[in-house]
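> I'd like to ask some things about the structure below.
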Amino acid sequence: MDELNDIYNDLIMEHSMNSYNKKKLENSDFQEKGHNPNCGDEITLELKLNGNVIEDMAFLGHGCAISLSSTSIMIDTLKGKTIEEAKELIEVFIGMIKREITEEEDLKKLEDAIAFKNVSNMPARVKCALLAWHTMEDMLSKNEK
């Protein structure tokens, strides 16, 4: 189990330091700002749709390693998914962090985002991990046709 935690920690650190998703997205359809007043994390998510499929996403902003890596990994997880699939994954991620969803079968859908599973054991970091996911949820609900 420690080996798996090491892999997850490496993944989180890699995404927080070298996120290729941290950039300006040209011609984005939607933008949403997210802010965590507890620690000052601030992000702007940008989204480009092709019909109801998430064609591209990117983010700008600053924050702690958990916040930035969660944002980057969320983008990798949701890119190429339909809006409905994205909403379901957001629900599963939030449920995992809140310990409401624990079934391995459900959590596997999250792909690399499962790396944040143990954040639920660190109450001070929960909002950091959830910032991007809640921001994305807000963006999708505001822009429902």
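Going by the numbering used here, the final residue of the sequence shown carries number 142, and the count climbs one at a time with no gaps. Glycine is no exception: its CB is placed at the ideal position from the N, C-alpha and C atoms. Note that the coordinates shown come from a computational prediction; the quantities given were computed from them, not determined experimentally.
(1) Within 10 Å of its beta-carbon, does Glu102 have 16 or more other beta-carbons around it, so buried, or fewer, so exposed?
(2) From which residue to which residue does the beta strand (DSSP E) around Thr41 run?
(3) Taking contact to mean 3 or more Cβ pairs, one atom from each stretch, closer than 8 Å, check whether the segment 35 to 51 and the segment 88 to 105 are in contact.
(4) Report the rounded CA-to-CA distance for Cys36 versus Glu100, giving the unit in angstroms.
(5) Please report how far the alpha carbon of Ser67 lies from the alpha carbon of Leu127, in whole angstroms.
(6) Just verifying my parser: in three-state terms, what is the DSSP assignment at Met119?
(7) Excluding five sequence neighbours on each side, which residues of the same chain lie with their C-beta closer than 6 Å to the C-beta of Lys20?
(8) Going by the DSSP bridge assignment, what does Thr79 pair with across the sheet?
With the structure as the only source:
(1) exposed
(2) Here the beta strand (DSSP E) through Thr41 covers Asp38 to Asn47.
(3) no
(4) The alpha-carbon separation between Cys36 and Glu100 amounts to approximately 31 Å.
(5) The alpha-carbon atoms of Ser67 and Leu127 are separated by roughly 8 Å.
(6) It is coil, neither helix nor strand.
(7) Ala55
(8) Val50
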